[in-house]
Amino acid sequence: MLLGVFIGGFIGGFVGGFIGWFLGGFIGLLLGGFIGLLLGGFIGLLLGWLTGDDGDGTQPKPPFAPSDPLINKIQTGEFYLRLSFEVVSAVLCQENSVYLIKWKGDQLHKYKLVDSNNNPIKICNKSIKIQQSMHQIGVTENFLVLADTSFTVGIEQIINNLLVTKPLRQLFRIIPSQNNSIYIVDRKQLEDLEDVEEYKEVEAYKVEIPREISHFIVDYYDNNGQKITLHAAHICAWDIAQWLRKGDKLVPENHEIPDDLLGMQIGEMDISLMGRHVIDVSPEKLNQGKPEITSTNLSCNTFFTWASGLYTYDDEQFPGHTPPEKLDKIYWSSLGLWEELTTKFMYDQYENYEYRTIELNKVLELAKKGIPSCLYKLDAESLTIEDYYKFPRSHIGFSPQFVPKEGRTGSAPDGGSGSYPDGDSSTDGYIVCVVFTPIEEVDRTSSRTLF
-7 MLLGVFIGGF IGGFVGGFIG WFLGGFIGLL LGGFIGLLLG GFIGLLLGWL TGDDGDGTQP
53 KPPFAPSDPL INKIQTGEFY LRLSFEVVSA VLCQENSVYL IKWKGDQLHK YKLVDSNNNP
113 IKICNKSIKI QQSMHQIGVT ENFLVLADTS FTVGIEQIIN NLLVTKPLRQ LFRIIPSQNN
173 SIYIVDRKQL EDLEDVEEYK EVEAYKVEIP REISHFIVDY YDNNGQKITL HAAHICAWDI
233 AQWLRKGDKL VPENHEIPDD LLGMQIGEMD ISLMGRHVID VSPEKLNQGK PEITSTNLSC
293 NTFFTWASGL YTYDDEQFPG HTPPEKLDKI YWSSLGLWEE LTTKFMYDQY ENYEYRTIEL
353 NKVLELAKKG IPSCLYKLDA ESLTIEDYYK FPRSHIGFSP QFVPKEGRTG SAPDGGSGSY
413 PDGDSSTDGY IVCVVFTPIE EVDRTSSRTL F
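Under the numbering used here, the residues of the sequence shown are numbered -7 to 443, in order.
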């Protein structure tokens, strides 16, 4: 392991120094060499630990020791990797904050998010961190809602089909958090700025929601700034940033992944839950800096809610009308549960999953039988599945889109919360999906299925 540290530090220092000299002369040489030495030393330490021992025949102990060996290695790698980035960030003094950008058709207005205790929300900082990814903004009458969703993005995503993919994958792996940080911003703080070259600091209020979330949606109506209703699919024990790679093994037979499935979305290790969360954002709570979840409703269905991640709903906007105040029906698509997508890597990662609904070996039994991909209509308040369509076996539906029927004239008189003159606004249309099909069925024409 010491040899790995020495070699990694030497190579890292040499490469970093060369790049630094090329870009910044002598000062760049010193700075680049120092940073390269640190990163190379840490990486060498990790590679030595992953592949060797301490010299006395014993495996070195990581900083923390959970029960699962793979989790142990992954978390230790993440620890040292993040520590390296902390050191680099401190040396370069680079800011890495979260900003909101407002655009009204002319100038861009920039707002820096700070938490309710006035600590900047940063990625590589000891204050609040966006550790995974943030790719959605929910909008209510008075608030913006952002989420640190369970879609991890990092160096591991660029490593694929290399001879050393497996150890590098373990080294750079970042396990998705099983909880979600939700940030709430009062829209009244986002007034136009006189100097668009500057930014304004605005408060973001944090609340934690258990179980992974990839996508969410909120009701526009927030009871005059008193509550936020958040709808989400909890993608339990499903690492959606992963895909099938060479070197992966299927469970339980430990078979190789077929070449024609490489690059496909990886399978889940528990059933997804439909969630409806009501968050108290009254002035009293926000003055304390502590929004509070006052009610949570969760549901699942063993026939339909396997890897439910993408949704659509009737969101058509008409001139002179506001968005629907409350969501009525939401259409979700699910991946299904397939033996061909169930890997040993994910089995090990989620073997001791905290929020397990279905026992892991039972999940494998169901995967062997196969559960089809589905599109289903969910009542947003009761979380009951009112209708569904099962895709044919070996077909997977993705990316649903709501297409309103021709001839619709506008939203309901009360702004969208009531019914249409010609029928139910939330079902008056079609759902269009992208569908993965077996290779032998692929041709150069398109087809459609109506139901």
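Note that the Cβ used here is the ideal one computed from N, Cα and C, for glycine as well.
- When beta bridges are read from the DSSP output, Arg385 appears opposite no residue.
- In the same chain as Gly421, and ignoring 5 residues on each side of it, the C-beta atoms closer than 7 Å to its own belong to Asp306, Phe394, Val395, Pro396 and Lys397, in chain order.
- If only complete runs of 3 or more residues are kept, the stretch 128 to 176 shows the beta strand (DSSP E) at 129 to 131 and 135 to 140, in order along the chain.
- When Pro250, Tyr175 and Asn215 are compared, the shortest CA-CA separation from Ile431 is found for Pro250.
- The C-alpha of Gln257 lies about 17 Å from the C-alpha of Cys425.
- Between the C-alpha atoms of Ala224 and Leu138 there is a straight-line separation of about 13 Å.
- With distances taken between CA atoms, Leu319 lies nearest to Asp371 out of Asp371, Glu378, Asn289 and Phe135.
- Around the beta-carbon of Tyr91, fewer than 16 other beta-carbon atoms lie within 10 Å, marking it exposed.
- For Asn279, the enclosing alpha helix (DSSP H) covers residues Pro275 to Asn279.
- Pairwise C-beta distances place the stretch 210 to 227 out of contact with the stretch 330 to 346, as fewer than three of them are shorter than 8 Å.
- Assigned with DSSP and collapsed to three states, Ile205 falls in strand.
- Between the beta-carbon of Lys198 and that of Ile174 there is about 7 Å, and that keeps the pair under the 8 Å contact cut.
- Taking each of Asp262, Ala229, Asn344 and Gly281 in turn and checking the Cα distance to Phe295, the smallest one comes out for Asp262.
- Taking a cut-off of 8 Å for Cβ pairs, the stretch 97 to 107 and the stretch 123 to 137 do not touch, as fewer than three such pairs fall below it.
- Ser300 and Asn293 have their C-alpha atoms spaced approximately 11 Å apart.
- Shown here, Phe428 sits in a strand according to DSSP, grouped into three states.
- Residue nearest to Asp140 within the set Lys94, Lys104 and Pro202 is Pro202 (criterion: CA-CA distance).
- Within the same chain, Gly130, Val131, Thr132, Val137, Ile220, Thr221, Leu222 and His223 come within 8 Å of Val210 by CB-CB distance, once the 5 residues on both sides are set aside.
- With a contact defined as Cβ atoms closer than 8 Å, Trp235 and Gly255 qualify at about 5 Å.
- Non-local beta-carbon contacts of Ser291 in its own chain, meaning distances under 6 Å to residues more than five positions away in sequence, involve Met266 and Leu375 in chain order.
- Under the three-state reduction of DSSP, Arg348 is assigned to coil, being neither helix nor strand.
- Arg268 sits in a strand when the DSSP states are folded into three classes.
- In the DSSP assignment, Asp371 falls within the beta strand (DSSP E) that extends over Cys366 to Asp371.
- For Tyr303, the enclosing beta strand (DSSP E) begins and ends at Ser300 to Thr304.
- Taking the C-beta atoms as reference points, Cys228 is found no nearer than 7 Å to Tyr303.
- Classified as buried, Pro316 has 16 or more neighbouring CB atoms from the shown chains inside 10 Å of its CB.
- In this structure Ile363 touches Leu329 by the C-beta definition: roughly 4 Å separates them, less than 8 Å.
- Secondary structure note for Asp107: it is in no alpha helix (DSSP H), and the uninterrupted beta strand (DSSP E) holding it is Leu100 to Asp107.
- With a 10 Å radius around the Cβ and a threshold of 16 neighbouring Cβ atoms, Val188 comes out exposed.
- The DSSP-derived three-state label of Gln181 is helix.
- If the five residues before and after Met126 are omitted, its C-beta is found closer than 8 Å to the C-beta atoms of Val90, Leu138, Ala139, Asp140 and Thr141, all from its own chain and listed in chain order.
- Per DSSP, the beta bridge partners of Leu329 are Ile363.
- Here Asn353 carries a helix assignment [DSSP, helix/strand/coil].
- When DSSP reads this structure, Ala233 sits in no beta bridge, so it has no partner.
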